[in-house]
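Only one structure is covered here, and it is reproduced in the block below.
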Amino acid sequence: MFLSELKPADIRHWIASLSISNKRINNVLVPLRAVYAEALEDDLIAKNPLTKIKNLNVVTREPLPFNDNEIEAIYSQLEGNDLNLITFAFETGLRTSELIALQWQDIDFDNKRIYIRRAIVRGQTKQPKTKSGVRTVDLSQPAIDALLNQQQYSVKPFVFFDTKTEKVLNDKKIRERIWKAALKKAGVQYREPYQTRHTFASRHLSNGKPIIWVSLQMGHSNPNMTTSRYARWIV
């Protein structure tokens with residue numbers, strides 16, 4: 275099919291056939307729109323079919339943080355690499371893409387911090403999606419303990435990995451192989467793994483940590499984003 279032959283109906287049919295999130299579909303449409311806009315400008319096509327295609331609605335993940343009892347119940351169903359991974363997620367608030375991209379060279383044990391320099395998205399190593407995503411994250415003692423324990427399991431250079439294949443993890447493997455089973459066995463209401471990040475933010479804000487510190491730890495673009503997202507937990 276030539277560029278000039280593509281109709282809005284074709285695009286809608288294609289979108290309906292995709293088994294990915296609305297957010298990812300919107301991201302896919304960005305370069306496609308750019309291609310057709312340039313083709314129209316260069317008189318290669320008479321009409322741009324993308325002008326009639328709107329972005330899909332994206333449902334924002336609402337914070338539904340875990341309480342201490344739930345976290346301990348989840349931990350009780352995990353061991354080894356899996357326990358270290360989930361503990362570190364709760365204790366740092368990292369995005370999954372940042373967590374699976376973490377390397378031993380990013381860890382500063384002496385100063386109890388890590389450096390977030392990269393993310394792995396759909397198997398591709400990239401820079402964090404925003405400038406503020408490149409950051410230094412302070413480590414709690416439980417996070418340090420998880421790292422020290424992980425040293426016996428790790429396949430360098432990555433800190434966390436798929437124990438079955440000894441390859442890099444991805445969000446689907448974490449969710450399907452580790453997370454769902456642990457929550458089911460623990461009898462904890464299911465929430466997506468991203469809620470470990472919300473748990474980190476809500477817990478620290480409830481304990482009186484400064485908004486600016488939480489914002490920097492999480493890599494938010496500005497403190498206003500943190501405030502609007504977690505207002506109910508600010509003391």
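Quick note: the sequence shown uses the numbering used here, first residue 275, plus one each step.
Just so you know, even glycine gets a beta-carbon here, dropped at the ideal spot from N, CA and C.
Remember, predicted model here, so these are calculated numbers, not experimental data.
### Between the CA atoms of W507 and S480 - distance to the nearest angstrom
5 Å
### Task
Measure from the alpha carbon of D419 to the alpha carbon of each residue in G354, A308, T325, S502, then state which is nearest.
G354
### Supposed contact pair L421 and I433 - C-beta distance, whole angstroms, cut 8 Å
Here residue 433 turns out to be Val, not Ile, going by the sequence shown. The Cβ separation is near 7 Å, so the contact holds.
### Task
Find out if the Cβ-Cβ distance for the pair A475, P339 is shorter than 9 Å.
yes
### Nearest to Q379 (by Cα), restricted to the options A347, I348, V429
Among A347, I348, V429, the Cα nearest to that of Q379 is on V429.
### Task
Identify every run of the beta strand (DSSP E) within the stretch 353 to 399, keeping only runs that are complete inside it and at least 3 residues long; order them along the chain.
387 to 390, 393 to 395
### Query
From what residue to what residue does the alpha helix (DSSP H) around T500 run?
Where T500 is concerned, the enclosing alpha helix (DSSP H) stretches over 497 to 503.
### Task
Would you list the residues sitting across from V411 in a DSSP beta bridge?
Per DSSP, the beta bridge partners of V411 are I388.
### Query
Within the chosen definition, does the stretch 372 to 391 reach the stretch 432 to 449 through at least 3 CB pairs nearer than 8 Å?
yes
### Message
Out of I388, Q426, N343, L303, which one is the CA nearest neighbour of N414?
### Response
Looking at the sequence itself, residue 414 is Ser, so the reference to Asn does not match. The candidate whose alpha carbon is nearest that of S414 is I388.
### Task
Would you grab the beta carbon distance between L359 and Y349 for me? Rounded to a whole angstrom, and I think it's under 8 Å.
Going by Cβ atoms, the distance from L359 to Y349 rounds to 11 Å, so no, they are not a contact pair.
### Query
So who's on the other strand from K441, going by DSSP bridges?
D436
#### Entry: the stretch 320 to 333 / the stretch 285 to 305 touching (three or more Cβ pairs under 8 Å)
yes
### Own chain, CB closer than 7 Å to H478, minus 5 neighbours either side, in chain order
V488
### Query
Rounded to a whole number of angstroms, what is the C-alpha to C-alpha distance between E336 and Y468?
10 Å
### Message
My output table needs one value for P416: the three-state DSSP class, helix, strand or coil.
### Response
helix
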